[in-house]
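Quick mapping for you: the protein sequence lines, in order, are chains V and F. Counting with my numbering, you get residues -10 to 112 for the letters of the first sequence. Counting with my numbering, you get residues -10 to 112 for the letters of the second sequence. Working notes, beginning with the structure itself.
Protein chains: 2
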Amino acid sequence: MIEDYKKFDKSIPCPVRTLMDRIGDKWVVLVISTLGEKGTMRFNQLHEMIGDISQKMLTVTLKKLQEDGLVSRKMYQEIPPRVEYTLTAMGESLLPHITGLEQWAVANMSGIQQSRQQYLSAK
Amino acid sequence: MIEDYKKFDKSIPCPVRTLMDRIGDKWVVLVISTLGEKGTMRFNQLHEMIGDISQKMLTVTLKKLQEDGLVSRKMYQEIPPRVEYTLTAMGESLLPHITGLEQWAVANMSGIQQSRQQYLSAK
DNA sequence: TATGTTAGTTACCTTTGGTAAGTCAAAAGT
DNA sequence: ACTTTTGACTTACCAAAGGTAACTAACATA
C-alpha cells in the first residue's frame, strides 16, 4: 500500500517526497534518460546532447545524482581532464519508469497544448 | 524514437521538457496520485490528505493541472463553497506512470539513503 | 454580535535556477 | 617565449519559483 507514504509525517522521510525532490529537479530526467540511451558519457557530451543546460546546472545535477547513487563518476588523471558518467544499477532500474513518462509525454503533447490554449482563451 | 525530442530545439516545444516542467513542480505528483487513489476530492480533503502543502501551493498546483487538462474542477454554488477536483481521462492515463515511480521510490528509499550517507561521510 | 466554514488571495521573504565570466594545468600553435 | 585551446568545472551575480502567515467573501449557527 503506497497510501500510507503519501500523508506527511515529519518523523518518517516519505519516499515519494524524497524521490520527487530529486526527479523534480529541472534537469534530472533529461540527464538520466540521456545517460540511459548512450551508456557512458563525458561531461561535455552530456552538455551538447541536452543542448540548453548550463555547465553549472549540469554539475550540480550530476553531483546530486551521484549522491543518491543513481550515477557513477570516473575521472582519469589526464590534462585536459576526462570524466565519464554512467548510470548505476539503481539508476538503470529507474530508467524504465522515466522512459514510460517520456512516452506518455510524447503521446500527449498535443492534448496538453490544446488544453492550455482553451484554458487561456476561456479567460 | 524519443531521442529526437531530447536535444533542445527552440523552434519545437520538447514534450519531455514540457511534461517535466509540470511533473517537476514540487506537488504535482502527490496531487495526481492522491486524486487517483480517492477519485473525486474537495479542496480541503486534498489539503488534509497531503498534509504539508500550503493552501497557496495547492491552488496554484490545481490551476496548472486544470490548464494542462489533467484535472477537472467542479464548483457548486453554495456557501460555504464546495469545489470538487477529479482526474480527467488524460490525467488517468498518466497515473500508472506516476504510481510506477512511486513504487520505485518505496522500493529504493533505503538504497538512496545509504548512498547519501556514504557520500557525505566520504567527504 | 462573535464564530465557524470553505476555498481561496495577498504581501512578503527565502531558496532554487540561470547567465556569463573566470580557473586550472598542460599541450599545441605562431 | 607567448598565446590559444581543451575539458571540467567554480564563482559572482541576478531572476524566478516556492514558502509562510495573515487576510477575504458570504452566509449559518451559537
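Backbone N, C-alpha and C fix where the C-beta goes; we use that ideal spot for every residue, glycine too.
On the CB-based measure, 16 or more other CB atoms within 10 Å of its CB, does residue i come out buried or exposed?
i: D57/F; result: buried
i: P85/V; result: exposed
i: R62/F; result: exposed
i: Y65/V; result: exposed
i: R11/V; result: buried
i: K15/F; result: exposed
i: I87/F; result: buried
i: V18/F; result: buried
i: A94/F; result: buried
i: V20/V; result: buried
i: P69/F; result: exposed
i: L59/V; result: buried
i: T48/V; result: exposed
i: D(-2)/V; result: exposed
i: P4/V; result: buried
i: L109/F; result: exposed
i: K45/F; result: exposed
i: I1/V; result: exposed
i: S22/F; result: buried
Using CA coordinates, which residue listed in the options is at the minimum distance from residue i?
i: D41/F; options: L47/V, A96/V and R6/V; result: R6/V
i: T75/F; options: L83/F, G28/F and H36/F; result: G28/F
i: E73/V; options: N33/V, P2/V and E26/V; result: N33/V
i: M98/F; options: M30/V, G80/V and S22/V; result: G80/V
i: K52/V; options: K(-5)/F, R105/F and K(-4)/F; result: R105/F
i: G100/V; options: R31/F, A78/F and K(-5)/F; result: A78/F
Check for me: the beta strand (DSSP E) holding residue i runs from which residue to which?
i: L76/V; result: R71 to L76
Hey, could you find the ends of the alpha helix (DSSP H) residue i is sitting in?
i: K45/F; result: Q44 to E56
i: K27/V; result: V17 to K27
i: T32/F; result: According to the sequence provided, residue 32/F is Phe. The question's Thr does not apply to it. Counting along the chain, the alpha helix (DSSP H) containing F32/F begins and ends at F32 to I39.
i: I1/F; result: I1/F -> no alpha helix (DSSP H), and no H or E assigned at all.
Pull the bridge partners of residue i from the DSSP assignment, please.
i: S61/F; result: T75/F
_If the cut-off is 9 Å on Cβ atoms, which residues from the stretch 14 to 25 of chain F count as contacting chain V, listed in chain order?_
D14, K15, W16, V17, V18, L19, S22 and T23
*Got a sec: which bits of the stretch 60 to 72 of chain V sit with their beta carbon under 7 Å from any beta carbon on chain F, in order along the chain?*
none
_Chain-ordered residues of the stretch 31 to 44 of chain V with a beta carbon less than 9 Å from chain F_ = E37, M38, I39, G40, D41 and I42
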